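386 is the number that the working numbering gives the last residue of the sequence shown; the numbers go up by one with no jumps. Following: one structure in C-alpha cells, then a few remarks.
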Amino acid sequence: MKRDYYEVLGVSKNASAEEIKKAYRKKAMEFHPDRNPGNHEAEEKFKEAAEAYDVLSTPEKKSRYDQFGHAGMSGNMGGGGGFSGDFDLNSIFERFGDLFGGGFGGFSGFGSGGSSQRQRVRKGSNLRVTVKLTLDEIAKQTEKKLKIKKMIACPDCNGQGTKNKSDLHTCPKCNGRGQVMHQQRSMFGIIQQAVVCDSCGGEGTIIKNPCPTCNGNGIVKGEEIVTINIPAGVEDGMQLSMREKGNAAPRGGVNGDLIVVIEEVEHELFERDGNNLYLNYFISFPQAALGGSVDIPTLDGLARVKIAAGTQGGQILRLQNKGLPELHSSRKGDLIVNINVWTPKNLTKEEKTMIEKMEQSENFQPKPTKNEKNFFNKVKQFFN
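Take a look at the structure:
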C-alpha cells in the first residue's frame, strides 16, 4: 500500500509550493543513488519521493489527490498521477534534474563529478504479448513458456557494438559525459542548457571499428523463451509487466519490458462475474418432486449436493468457496447454481397416460408461495 504523499515528503497539507519543493529536494538528496550506491531501499525511497512531488507540485493532481487520495490518481478518475508506479531513474533526472543544478539532469557536488556527468542510458522498447487462459488455469497459479521474437544482444560482440573494447573511445566532444552545454542569449541574459551530444548520441563513447554482425548497434533480431508465472485470479484484459524482458537496448542499455495481456477463454459450463462463477444445472421432474442428491460440476471436480423435495425451477444454490480465487489473496468466490427443471419433449403413449393421471391430482396443481405469487402478478401486469 502506498504511503501518503504528504507523509513521504514530510510536509503538511497546507504546505506551500516552495515548501513542497524544498522538502522534495531534501529527500531526493538524502536517497540519491550516487549517495547510496547499491542500496535498493534508498533507490525506492528516491522514486517514492519523486512520485509524491510530481503529484503535489501539480495543482490539478494535488486537488484530485486531496479529494480522493491515491484512488484519484488512477486512470478511472480521469487521468493518472505520478509515474504510475513504474518508472526508471532517468525519467526522474530528465523531469526534475533542473531543481538541483549541475546542468546535466543530475545533482552536482556528489562525489567526484558524480551524476553531473551522468551519461544517457538507452532503453529497449517494450513488447506486448497476449496469453490465453482457461478458467481452470486462472483458478491456480499458472506457468507459461513463450518463444518470443525480439531484439537481442548481438552474440558476436556481446551487445557492445564492437568486438574489441579497445575500439571504444571517449567522445572528444562531450568528454564522455553524453551531454554538452548549449548557450543562448536572451533578454534575461545568457541561458545555459544541457543537450544530448550529437557526436555520440548521449552515450559518451564512439566506436572506431563497429561489429559487422550488428553494424555497431549491439542488437540483432532473435528470439527468447520466456517463462511467465501468472498468479491465480487474473481477469480478462489484465496486464502484467515483466521488467527488462522486452527488446534489448543498443550497446548495453537497459532492456524494455514485456507486457503480458490476459485473454480469458470462454468456458463451456461456467460464466464468470468477478470471482463468482455461474452455472445452469438441469434436474429431472422426478428429482425436483422427490428430492435427492446430485453431482454439481465445479472447477475442482464434482460436488455432491442435496436437492430438497419440491424444488422449483429457478431456485438458486450457492456453493461457497467454489468460485475463483481473489488476486493476491486467499479468499475465493462462490459457485452460483441456477436450478432448471427439465421438461421432456418427446413422450411415449404410456408416459403421456401417467402424466395425464398426475395432472388430475390436486398435488400437481400450481400452489405458489407468497413471493412466487407476487412474481407472477408482476409478470401479468407487465404483459397487460
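Every residue, glycine too, gets a C-beta built ideally from N, C-alpha and C. Source: prediction; values computed, not measured.
Cβ separation of residue i and residue j, assumed to be a contact under 8 Å, to the nearest whole Å
{"i": "Ile309", "j": "Ser286", "result": "So it is not a contact: roughly 10 Å between Cβ atoms."}
{"i": "Ile338", "j": "Ile357", "result": "Not a contact, Cβ separation roughly 31 Å."}
{"i": "Val267", "j": "Met244", "result": "Val267 to Met244, Cβ: 22 Å. No contact."}
{"i": "Ile154", "j": "Glu226", "result": "6 Å"}
{"i": "Gly293", "j": "Ala305", "result": "So it is not a contact: roughly 17 Å between Cβ atoms."}
{"i": "Lys47", "j": "Phe33", "result": "4 Å"}
Distance cut-off 7 Å: residue i Cβ against heavy atoms of the ligand COA
{"i": "Lys247", "result": "Among the components of this structure there are no ligands whatsoever, and the ligand COA is therefore not found."}
Pairwise C-alpha distance: residue j and residue i
{"i": "Gly239", "j": "Ile221", "result": "31 Å"}
{"i": "Gly206", "j": "Gln195", "result": "18 Å"}
{"i": "Lys168", "j": "Ile209", "result": "At residue 168 the sequence reads Ser, which differs from the Lys that was named. Cα to Cα, the separation comes out at about 9 Å."}
{"i": "Ser18", "j": "Pro61", "result": "11 Å"}
{"i": "Arg66", "j": "Met75", "result": "7 Å"}
{"i": "Val13", "j": "Asp56", "result": "14 Å"}
{"i": "Gly218", "j": "Leu170", "result": "11 Å"}
{"i": "Glu45", "j": "Met31", "result": "11 Å"}
{"i": "Gly258", "j": "Lys63", "result": "28 Å"}
{"i": "Tyr7", "j": "Ala51", "result": "8 Å"}
{"i": "Leu260", "j": "Lys49", "result": "21 Å"}
{"i": "Gly276", "j": "Lys4", "result": "25 Å"}
{"i": "Gln241", "j": "Asn365", "result": "57 Å"}
{"i": "Arg333", "j": "Arg179", "result": "53 Å"}
{"i": "Lys359", "j": "Glu353", "result": "10 Å"}
{"i": "Lys369", "j": "Thr355", "result": "23 Å"}
{"i": "Glu43", "j": "Glu9", "result": "17 Å"}
{"i": "Tyr283", "j": "Val307", "result": "12 Å"}
{"i": "Lys347", "j": "Gln367", "result": "20 Å"}
{"i": "Lys146", "j": "Ile230", "result": "5 Å"}
{"i": "Arg320", "j": "Lys29", "result": "53 Å"}
{"i": "Gln69", "j": "Gly303", "result": "47 Å"}
{"i": "Phe106", "j": "Ile140", "result": "Per-residue confidence for Phe106 stands at a pLDDT of 35, beneath the threshold of 50, marking its modelled position as unreliable; the derived number appears in the next sentence. Their backbone Cα atoms lie some 48 Å apart in a straight line."}
{"i": "Lys151", "j": "Asn166", "result": "28 Å"}
{"i": "Thr371", "j": "Ser363", "result": "19 Å"}
{"i": "Lys324", "j": "Arg130", "result": "33 Å"}
{"i": "Asn38", "j": "Leu281", "result": "56 Å"}
{"i": "Thr345", "j": "Gln322", "result": "29 Å"}
{"i": "Glu361", "j": "Leu349", "result": "15 Å"}
{"i": "Thr313", "j": "Gly71", "result": "49 Å"}
Beta-carbon proximity list for residue i, same chain, < 7 Å, skipping 5 on both sides
{"i": "Leu329", "result": "Pro233, Gly235, Val236"}
{"i": "Gly255", "result": "Val123, Arg124, Lys125, Gly126"}
{"i": "Val343", "result": "Ile285, Phe287, Ala290, Gly315"}
{"i": "Val182", "result": "Lys175, Cys176, Val197, Cys199"}
Residue j beta carbon less than 8 Å from that of residue i
{"i": "Thr164", "j": "Pro212", "result": "yes"}
{"i": "Arg253", "j": "Gly161", "result": "yes"}
{"i": "Leu11", "j": "Ala73", "result": "no"}
{"i": "Val197", "j": "His184", "result": "yes"}
{"i": "Gly316", "j": "Ile341", "result": "yes"}
{"i": "Gly224", "j": "Asn128", "result": "no"}
Cut-off 6 Å between Cβ atoms - residues of its own chain near residue i, not counting five sequence neighbours on either side
{"i": "Thr215", "result": "Cys156, Asp158"}
{"i": "Glu265", "result": "Thr132, Lys134"}
{"i": "Lys142", "result": "Ala234"}
{"i": "Ala250", "result": "Gly126, Met153, Ile154, Ala155, Ile221, Asn257"}
{"i": "Gln121", "result": "Model confidence at Gln121 stands at a pLDDT of 49, short of 50, so the residue's coordinates are unreliable; what they give is reported in the following sentence. Closer than 6 Å at the Cβ level, and outside the excluded window around Gln121, lie Gly180, Gly206."}
{"i": "Cys202", "result": "Cys173, Ile208"}
{"i": "Lys148", "result": "Note on identity: in this sequence residue 148 is Leu, with Lys being the wrong assignment. For Leu148, where only same-chain residues beyond five positions count, the Cβ hits under 6 Å are Val228."}
Sequence-distant residues of its chain with Cβ nearer than 8 Å to residue i (five each side left out)
{"i": "Ile192", "result": "Gln185, Gln186"}
{"i": "Ser59", "result": "Ala19, Ile22, Lys23, Tyr26"}
{"i": "Leu137", "result": "Glu266, Val267, His269, Phe272, Arg274, Leu279, Leu301, Leu326"}
{"i": "Lys351", "result": "none"}
{"i": "Ser331", "result": "Gly235"}
If we require 3 or more residues per run, which beta strand (DSSP E) segments fall completely within the region 115-167?
Counting only runs of 3+ residues, the beta strand (DSSP E) found wholly inside the region 115-167 occupies 129-135, 144-155, in chain order.
Could I get the ranges of all uninterrupted alpha helix (DSSP H) runs contained in the region 325-378, with 4 residues as the minimum, in chain order? Fully enclosed alpha helix (DSSP H) runs of 4 or longer: 351-361.
- prompt: Going along the chain, which unbroken runs of the beta strand (DSSP E) with 3 or more residues stay wholly within the region 222-299?
  reply: You should have 241-244, 260-266, 273-275, 278-286.
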